[in-house]
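Have a look at the structure below before the remarks.
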Amino acid sequence: MHLLAGKHIVLGLSGGIACYKSAELCRALIKQGASVQVVMTEAAAQFITPVTLQALSGRPVFSSQWDARSAGGVDNNMAHINLSREADAIMIAPASADFMAKLLHGRADDLLSLMCLARPLDKVPLILAPAMNREMWAHPATQRNVTQLRADGATVLDVGVGDQACGETGDGRMLEPDDLVYELQRFSTPKVLAGQRVLVSAGPTFEAIDPVRGLTNLSSGKMGFAIARAAHEAGAWVTLVAGPVSLPTPRGVERVNVRSARDMQQALDGLARQATVFVSAAAVADWRPAEAVEQKIKKDGSGQVPSLSFVENPDILAGIAATPRALSRQLYCVGFAAESHDLLAHAQAKRARKGVPLLVGNIGPDTFGQDDNALLLIDEQGSTELPRASKLTLARQLVVEIARRLPT
Ligand code: CTP
7 MHLLAGKHIV LGLSGGIACY KSAELCRALI KQGASVQVVM TEAAAQFITP VTLQALSGRP
67 VFSSQWDARS AGGVDNNMAH INLSREADAI MIAPASADFM AKLLHGRADD LLSLMCLARP
127 LDKVPLILAP AMNREMWAHP ATQRNVTQLR ADGATVLDVG VGDQACGETG DGRMLEPDDL
187 VYELQRFSTP KVLAGQRVLV SAGPTFEAID PVRGLTNLSS GKMGFAIARA AHEAGAWVTL
247 VAGPVSLPTP RGVERVNVRS ARDMQQALDG LARQATVFVS AAAVADWRPA EAVEQKIKKD
307 GSGQVPSLSF VENPDILAGI AATPRALSRQ LYCVGFAAES HDLLAHAQAK RARKGVPLLV
367 GNIGPDTFGQ DDNALLLIDE QGSTELPRAS KLTLARQLVV EIARRLPT
């Protein structure tokens, strides 16, 4: 489920050292199945050659409004019209301070600015990825321009923070190519969860035995992280409560890190009060050692193993599903079931036991740590299979299934 497959993106480059990242962006878009038409300003061509971008996009690059070549299959010498009419979106990356100032005034003295001005406002989104020195970014003139460009209907993305090519450190770096691909994917996603506050739990929990040892499981967190990302793409505010995993936080998602089941319960119980959807994808450890020892348990040389006793952890999902907000469906709860066999029967029983309207079953040993999975959705109507696919594809499908079931 490549969201950009078949989309036509006009990638505009204005002048800035971040142009080197645009080559990578172009490649990433093509990999996602999009077609890319590159348009460059003269300044951009000082930083990276049109040859590179032609080779990567597989199409001639346009730079001049006087270019008489056929554009968009039309020979009327109006590249600024034809190129924008074909586009599903125009992304300017990098958008320099100068280029944004020009757009703001509706000036149109080169092909790229002319094309932006000539784009059908209601059909072709214009997305700008600013890139500049931190002082230029912080300057009141630039900030004023950003505000006005947004008011004029453009999407001006945020900037990255860190080391800059000029040697200074601060705000103003262009977002990384992966983040820009994500922004375009977000544009292409129907906003089925607009206005929803989605809470997702993900990953394993870690139950300490002593300061260096513990009880955990093989959950990688990938499914929960993919659900958080898919919910954000679909327009929700998303908070992700993550057990100990080292996955990067999906863009735009708020993350709370926890370790033990009880930490996770405390975080989720609080956050569930504001949420409208809770997806419990975490593999919560069922038991924890009855006593966590403060100092490392040492071998005493006798060959005797320590005897550990366990107590059951709270069932976080069942607790949240029993709150008045969940029972009245102001909070829609979705549980997961990791089973090793008899998936349908176990998942149906678990749905009833947890008191949730929707339960998502999967075979634990087939999915833990993998990039793909297969899901079985159980609700009061029956069961639906989501066949094996990447976890992100399944997460996007699951988000649509959840949205369909939300009370209107
Ligand atoms: N869950 C939870 N708190 C627990 C255990 C599980 O909130 N202490 C949630 C999981 O996040 C998942 C669902 O309950 O959404 C089912 O988890 P699973 O591990 O499959 O089932 P268990 O309830 O642990 O039952 P069992 O291990 O016996 O299959």
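Counting from 7, one number per residue, gives the positions in the sequence shown under this note's numbering.
The beta carbon of each residue, even a glycine, is placed where N, CA and C say it ideally should be.
The ligand CTP heavy atom lying under 7 Å from the CB of residue i
i    : result
V290 : yes
F316 : no
I384 : no
D158 : no
I322 : yes
K356 : yes
F212 : no
S396 : no
A147 : no
A343 : yes
N319 : yes
A409 : no
A401 : no
S426 : Residue 426 falls outside the range modelled here, since the chain spans only 7 to 414, and no answer is possible.
S252 : no
A267 : yes
S286 : yes
Test item: CB-CB of residue i and residue j under 8 Å
i    : j    : result
A248 : G209 : yes
I16  : S90  : Reading off the sequence shown, one finds Val at residue 16, where the question assumed Ile. The answer is yes: Cβ separation under 8 Å.
L398 : A232 : yes
L323 : P295 : no
V405 : V198 : yes
T282 : L337 : yes
S334 : L274 : no
L59  : V44  : yes
T373 : M270 : no
L221 : A278 : no
D216 : V299 : yes
A34  : D164 : no
T47  : G12  : no
L190 : M97  : yes
K27  : M180 : yes
Q71  : D116 : yes
G178 : R219 : no
A99  : L19  : yes
L412 : L382 : no
A95  : F193 : yes
A49  : F68  : no
A171 : I23  : yes
S119 : L109 : yes
Close beta carbons around residue i, own chain, < 8 Å, minus the five adjacent residues each side
i    : result
D292 : E318 and N319
R394 : D378, N379 and A380
A29  : I54, T58, L59 and L62
Close beta carbons around residue i, own chain, < 6 Å, minus the five adjacent residues each side
i    : result
M80  : Going by the sequence as given, residue 80 is Val instead of Met. N88, listed in sequence order.
Q251 : In the sequence as displayed, the identity of residue 251 is Val instead of Gln. Excluding residues within five positions, the ones whose Cβ falls inside 6 Å are G209 and G227.
V162 : L134, V152, L155 and R156
V362 : A327, C339 and G341
T175 : D169
E92  : H14 and G78
Cβ shell of residue i (< 7 Å), same chain only, five flanking positions each side left out
i    : result
P256 : F231, A234, R235 and H238
N83  : A74
T195 : L9, E239 and A240
L127 : G159
A344 : A289, N368 and G370
Q202 : A242, T282 and V283
S396 : D377 and D378
R261 : L246, A248 and T255
Any non-hydrogen atom of the ligand GDP within 7 Å of residue i CB
i    : result
K360 : Looking for the ligand GDP in the displayed structure turns up nothing; the ligands present are the ligand CTP.
Bounding residues of the alpha helix (DSSP H) (the contiguous stretch that carries residue i)
i    : result
P330 : P330 to L333
F342 : Careful: F342 lies outside any alpha helix (DSSP H), inside the beta strand (DSSP E) at Y338 to E345.
N151 : P146 to A157
A267 : A267 to A278
F193 : P183 to F193
G249 : No alpha helix (DSSP H) holds G249; DSSP gives it neither H nor E.
I326 : I322 to A327
V29  : Here residue 29 turns out to be Ala, not Val, going by the sequence shown. Segment C25 to K37, the alpha helix (DSSP H) holding A29.
Where the beta strand (DSSP E) through residue i begins and ends
i    : result
E174 : Run containing E174: none; DSSP gives neither H nor E here.
P295 : W293 to P295
H238 : Run containing H238: none in the beta strand (DSSP E); it sits in the alpha helix (DSSP H), K228 to E239.
I15  : H14 to L19
R394 : G388 to S396
F284 : V283 to S286
C-beta neighbour in chain C for residue i, strict 8 Å
i    : result
T255 : Chain labels in this structure do not include chain C; a single protein chain is all it has.
>> What ranges does the beta strand (DSSP E) occupy inside the stretch 43-123, keeping only unbroken runs of at least 3 residues that lie completely in it?
In response: As far as the stretch 43-123 is concerned, its whole beta strand (DSSP E) runs of at least 3 residues are 95-101.
> In the stretch 345-383, which residue ranges form an unbroken beta strand (DSSP E) of at least 3 residues, counting only runs that do not cross its ends?
Replying inline: DSSP runs (the beta strand (DSSP E)) wholly in the stretch 345-383: 364-369.
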